[in-house]
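Read the structure below first, then the notes.
Residue numbers (the numbering used here): 5 to 205.
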């Protein structure tokens, strides 16, 4: 089920959102540290209560998805290098799943979080490597400053895979039920040095 969900996600990345306007007026961010990759997705509209698993809204696509794709951006053209990670609430089996609601943290906690190879990856046709990345990757996310989602790679192998293509930018795609709240932005990668916690004795 997990793999088929990502096939659906890749389909929508490749086709439905190609014509979407790239936003440069919202506070997206892409950050590399030694051990992590961070992607900041602004929430266009603040809500006290969010709803998900609402089948009549999105019968044939992910209901919510926040996707970060590494690559290079030059002269208005983004060239993906084949690595991505995402937060996803899919549309499979919604007939058997009752609608839910909660705050933004509840919404993010309900998402499936994984890294995966896209069609731009040389590993895309290698089922063993694809499955290994999807199942072993550790992705976390939280609400920051009450108006954005910060998603990040946690494990070093996934972070290293995301850096392998020597990306300069990260393409952030937000898919929400309301089209006015969906967007694409392509922030340049910032580099930070994080203070490491002292090793426990």
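A virtual CB, placed ideally from N, CA and C, is assigned to each residue, including glycine.
Residue 85 is classed as buried because its beta carbon has at least 16 other beta carbons within 10 Å across all chains shown. Within a 10 Å sphere around the beta-carbon of residue 191 sit 16 or more other beta-carbons, which makes this residue buried. Counting the other CB atoms within 10 Å of its CB gives residue 184 a total below 16, which places it among the exposed residues. For residue 167, the enclosing alpha helix (DSSP H) covers residues 160 to 167. Taking a C-beta distance under 8 Å as the contact criterion, residue 119 and residue 87 qualify as a contact pair. Runs of the beta strand (DSSP E) spanning 3 or more residues and lying entirely within the segment 67 to 91 occur at 68 to 78, in chain order. Rounded to whole angstroms, residue 149 and residue 89 show a C-alpha spacing of 22 Å. Close CB contacts of residue 41 within its chain, under the 7 Å cut and outside five residues either way in sequence, are with 156, 157, 163 and 166 (chain order). Residue 172 and residue 100 have their alpha carbons spaced roughly 42 Å apart. In this structure residue 188 touches residue 175 by the C-beta definition: roughly 7 Å separates them, less than 8 Å. Here residue 93 is near residue 66, since their CB atoms are less than 8 Å apart. Apart from the 5 residues on each side of it in sequence, residue 76 sits with its Cβ closer than 7 Å to the Cβ of 83, 171, 172 and 173 in its chain, given in chain order.
Within the same chain, 84, 88 and 175 come within 6 Å of residue 73 by CB-CB distance, once the 5 residues on both sides are set aside. Close CB contacts of residue 178 within its chain, under the 6 Å cut and outside five residues either way in sequence, are with 45, 70, 186 and 187 (chain order). Looking at the DSSP output, residue 118 sits in a beta bridge with 90. Here DSSP, grouped into helix, strand and coil, assigns residue 138 to helix. In this structure, the straight-line span from the alpha carbon of residue 51 to that of residue 36 is close to 30 Å. Taking the Cβ atoms as the reference, residue 33 lies roughly 7 Å from residue 194, within the contact range of under 8 Å.
Between the alpha carbons of residue 113 and residue 126 lies a distance of about 31 Å. In the three-state DSSP reduction, residue 130 falls in the coil class, being neither helix nor strand.
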